[in-house]
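Quick mapping for you: the protein sequence lines, in order, are chains L and V.
Using my numbering, the first residue of the first sequence is number 101, and each one after it goes up by one.
Using my numbering, the first residue of the second sequence is number 101, and each one after it goes up by one.
For each residue, glycine too, the CB sits at the ideal point set by N, CA and C.
None of these values were measured; they are calculated from a predicted model.
Heads up, the thing below is written out as structure tokens.
Protein chains: 2
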Amino acid sequence: MKTIPENLLTSISKVAPLSGDPLELFINAAQKQIVKKGDYLLQEGNRCNHIWFVETGSCRGVHDNGNKEINTDFYFENTFITNLKSLRGNEPSAYNIQAMETSILRRWHKDELLALYGQSPDIAAFGRLWLEQLLIAQEAHMHWLKKYTPEERYQSVLSDSPELIQRVTLTQLSSYLGVSRETLSRIRRRIQ
Amino acid sequence: MKTIPENLLTSISKVAPLSGDPLELFINAAQKQIVKKGDYLLQEGNRCNHIWFVETGSCRGVHDNGNKEINTDFYFENTFITNLKSLRGNEPSAYNIQAMETSILRRWHKDELLALYGQSPDIAAFGRLWLEQLLIAQEAHMHWLKKYTPEERYQSVLSDSPELIQRVTLTQLSSYLGVSRETLSRIRRRIQ
DNA sequence: GGGCTTTTGTGTCAAACGTCACATAAACTG
DNA sequence: CAGTTTATGTGACGTTTGACACAAAAGCCC
């Protein structure tokens with residue numbers, strides 16, 4: 101058994117308890133991958149074949165929209181990443197997943213992951229719980245978008261996710277909040 | 101084995117193939133429930149204990165926001181409903197699920213469903229695939245919200261989900277699209 | 001550190017939106 | 001079918017936003 105970073109174990113246990121053989125099976129199925137700033141984990145048009153775990157660094161999910169980018173997700177340390185629609189539907193990805201800085205990742209191939217689901221009910225349960233958490237977070241994000249004004253949304257990022265403001269450019273954050281770059285710049289001035 | 105509506109079988113098979121004993125187990129675990137227009141399947145503040153399947157009729161997911169309602173989901177025939185955050189987190193629901201008309205439902209209790217996951221890998225796989233589809237749909241909905249203007253969003257509902265316009269009031273649709281009732285009324289005039 | 005690139009701030013203007021108020025139309029109910 | 005309630009249309013007005021243009025600041029690289 102290879103040496104395993106503590107953070108990966110902690111992150112797994114936050115999703116579902118996994119130990120013994122299933123844990124070993126799951127972790128040994130991962131490969132290490134190092135990406136530089138700007139590298140793509142997944143490019144629009146290609147099929148997504150992996151699930152990644154961010155050990156260090158950060159990535160973003162970004163849609164091309166004409167001459168603009170729409171940032172839909174930011175992934176920091178100790179989070180899992182994938183494009184489920186492309187991965188499970190075996191179809192071209194509608195967006196990019198890109199490293200925002202040099203990052204160390206671990207990745208699982210989808211075929212291997214599916215095989216693991218068949219081998220171990222514990223790993224299958226882990227997969228289901230992970231999906232549940234993703235879906236819950238996604239629903240919360242959508243309600244948040246509809247319920248609050250752009251200014252309120254920025255306020256809540258300030259108080260609830262200050263890390264985002266430290267690690268993401270204002271331009272990137274603006275599309276995440278659903279406003280133009282200029283408007284976010286003015287919101288920031290109004291507030292401070 | 102009770103008589104089972106064709107539609108339920110079809111809807112199940114659209115998520116994942118399920119047959120024989122697991123299918124029978126799953127279907128027999130459901131109870132019939134009939135609700136009248138305006139009845140709540142789930143009220144804000146209460147815990148969600150069920151997953152429902154809409155046999156006939158329709159329901160909506162609706163958030164109370166001060167003196168306004170925000171409609172976040174519409175559920176028509178042959179769809180599954182639940183509030184996953186409340187169901188899995190065992191916490192009070194942040195919103196209501198309400199019948200929009202007299203409806204016939206089937207429902208599964210969460211405890212029974214969890215037991216079924218343990219009993220049958222096929223049912224567990226079904227649960228996971230259902231979550232995957234929900235998550236994929238949810239992500240698509242969010243990208244759609246950020247990518248298009250209110251007018252474009254109305255246009256796409258017109259062409260892609262005309263049923264929505266037939267079966268939902270303009271006021272309900274407006275909060276789903278993320279605009280005021282008056283703005284949607286004017287968009288509709290501009291277009292037609 | 002100097003030059004280049006990227007990011008952010010800001011002024012101006014037109015368009016879109018939300019809110020309030022009220023009129024009209026449609027649906028429900030007894 | 002008459003009365004009531006609910007849903008929708010519309011006018012007026014102020015505010016917010018997006019788009020464009022350009023300046024200032026920050027970050028990056030040789």
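| Do the stretch 270-280 of chain L and the stretch 127-140 of chain V touch if we need at least three Cβ pairs shorter than 8 Å? | no
| field | Contacting residues, own chain, Cβ-Cβ under 6 Å from L/Ile-170 (five flanking each side not counted) | value | As a working mapping, residue 170 of chain L is identified with position 70 in the first sequence. Excluding positions up to five away in sequence, the list reads His-163 and Ser-275.
| query | Which value, in whole angstroms, describes the spacing of the CA atoms of L/Gln-238 and V/Leu-235? | reply | By 1-based counting over the first sequence, the position of residue 238 of chain L is 138. By 1-based counting over the second sequence, the position of residue 235 of chain V is 135. Distance between the alpha carbons of L/Gln-238 and V/Leu-235: 8 Å.
| Sequence-distant residues of its chain with Cβ nearer than 6 Å to L/Asp-173 (five each side left out) | Working through the first sequence from its first residue, we reach residue 173 of chain L at position 73. So the list reads Gly-161, once near-sequence residues are dropped.
| request: Output the residue ranges of the alpha helix (DSSP H) runs that lie fully inside the stretch 161-220 of chain L and measure 4 residues or longer, sorted by chain position. | output: 184-189 and 210-219
| task | Anything in chain L within Cβ reach of V/Val-163, meaning under 9 Å, just list it in chain order. | result | For the purposes of this step, residue 163 of chain V is taken as residue 63 along the second sequence, with counting starting at 1. According to the sequence displayed, residue 163 of chain V carries His and not Val. Near V/His-163 (Cβ distances below 9 Å), the residues of chain L are His-243, Lys-246 and Lys-247.
| message | I'd like the ranges of any beta strand (DSSP E) spanning at least 3 consecutive residues and lying wholly in the stretch 213-263 of chain L. | response | none
| In chain order, what residues of the same chain lie with their CB nearer than 7 Å to the CB of V/Leu-258, ignoring the 5 residues before and after it? | As a working mapping, residue 258 of chain V is identified with position 158 in the second sequence. Contacts found: Ile-265.
| field | Per DSSP, the bridge partner or partners of V/Arg-147 | value | Within the second sequence, residue 147 of chain V is the residue found at index 47, counting from 1. Per DSSP, V/Pro-192.
| task | Name, going along the chain, the residues of the stretch 124-155 of chain V whose beta-carbon falls closer than 8 Å to a beta-carbon of chain L. | result | none
| Which residue's Cα is closest to the Cα of L/Phe-176: L/Glu-191, L/Ser-158 and L/Glu-252? | What you label residue 176 of chain L is simply residue 76 of the first sequence in a count that begins at 1. Measuring from the Cα of L/Phe-176, the nearest candidate turns out to be L/Ser-158.
| Beta-carbon proximity list for L/Gln-233, same chain, < 8 Å, skipping 5 on both sides | For the purposes of this step, residue 233 of chain L is taken as the residue at position 133 of the first sequence. Cβ within range, chain order: Val-115.
| task | Express the C-alpha separation of V/Glu-144 and V/Ser-193 in angstroms, rounding to a whole number. | result | Position 93 of the second sequence, counting from 1, holds the residue named residue 193 of chain V. Position 44 of the second sequence, counting from 1, holds the residue named residue 144 of chain V. One C-alpha to the other measures close to 5 Å.
| said: Between V/Thr-172 and chain L, is the shortest Cβ-Cβ distance under 8 Å, so that the two count as touching? | reply: As a first step, residue 172 of chain V is located in the second sequence; it is residue number 72 there, counting from the start. So, interface residue.
| said: Give me the chain V residues within the contact set of L/Glu-191, using Cβ-Cβ distance strictly less than 9 Å, ordered along the chain. | reply: Taking the first residue of the first sequence as 1, we reach residue 191 of chain L at position 91. Result: empty, since nearest Cβ-Cβ is about 10 Å, beyond 9 Å.
| Buried versus exposed, by CB contacts within 10 Å (16 or more), V/Gly-120 | In the second sequence, residue 120 of chain V corresponds to position 20, counting from 1. Looking at its Cβ environment, which holds fewer than 16 other Cβ atoms inside 10 Å, V/Gly-120 is exposed.
| said: Please state the DSSP three-state secondary structure of L/Val-69. | reply: No information on residue 69 of chain L is available, as it lies outside the stretch 101 to 292 that chain L covers here.
| Would you call V/Ala-240 buried or exposed, if buried means 16 or more other Cβ atoms sit within 10 Å of its Cβ? | Position 140 of the second sequence, counted from the start, is the residue given in the question as residue 240 of chain V. With fewer than 16 Cβ atoms within 10 Å of its Cβ, V/Ala-240 is classed as exposed.
| query | Looking at the structure shown, is V/Val-135 part of a helix, part of a strand, or coil, going by DSSP? | reply | Against the second sequence, residue 135 of chain V aligns to sequence position 35. Three-state result, V/Val-135: strand.
| message | Output needed in chain order: residues of the stretch 201-234 of chain V with a Cβ under 9 Å from some Cβ in chain L. | response | Tyr-217, Gly-218, Pro-221, Ala-224, Ala-225, Gly-227, Arg-228, Leu-229, Leu-231, Glu-232, Gln-233 and Leu-234
| request: State the DSSP-derived secondary structure class of V/Thr-103, mapped to helix, strand or coil. | output: Along the second sequence, one-based indexing puts residue 103 of chain V at 3. Looking at V/Thr-103 - three-state DSSP - the assignment turns out to be coil, as it is neither helix nor strand.
| Inter-residue CB distance, V/Val-135 and V/Ser-203 (contact presumed, cutoff 8 Å) | By one-based count along the second sequence, residue 135 of chain V stands at place 35. By one-based count along the second sequence, residue 203 of chain V stands at place 103. Yes, V/Val-135 and V/Ser-203 are in contact; Cβ-Cβ is about 5 Å, under 8 Å.
| Out of V/Lys-168, V/Lys-246 and V/Arg-188, which has the shortest C-alpha to C-alpha gap to V/Ile-151? | Position 51 of the second sequence, counting from 1, holds the residue named residue 151 of chain V. The shortest C-alpha separation from V/Ile-151 is found at V/Arg-188.
| query | Taking Cβ positions only, does L/Arg-188 come closer than 8 Å to chain V? | reply | What you label residue 188 of chain L is simply residue 88 of the first sequence in a count that begins at 1. Chain V contact via Cβ: present.
| field | Segment contact flag, the stretch 210-217 of chain L with the stretch 202-220 of chain V, C-beta cutoff 8 Å, min 3 pairs | value | no
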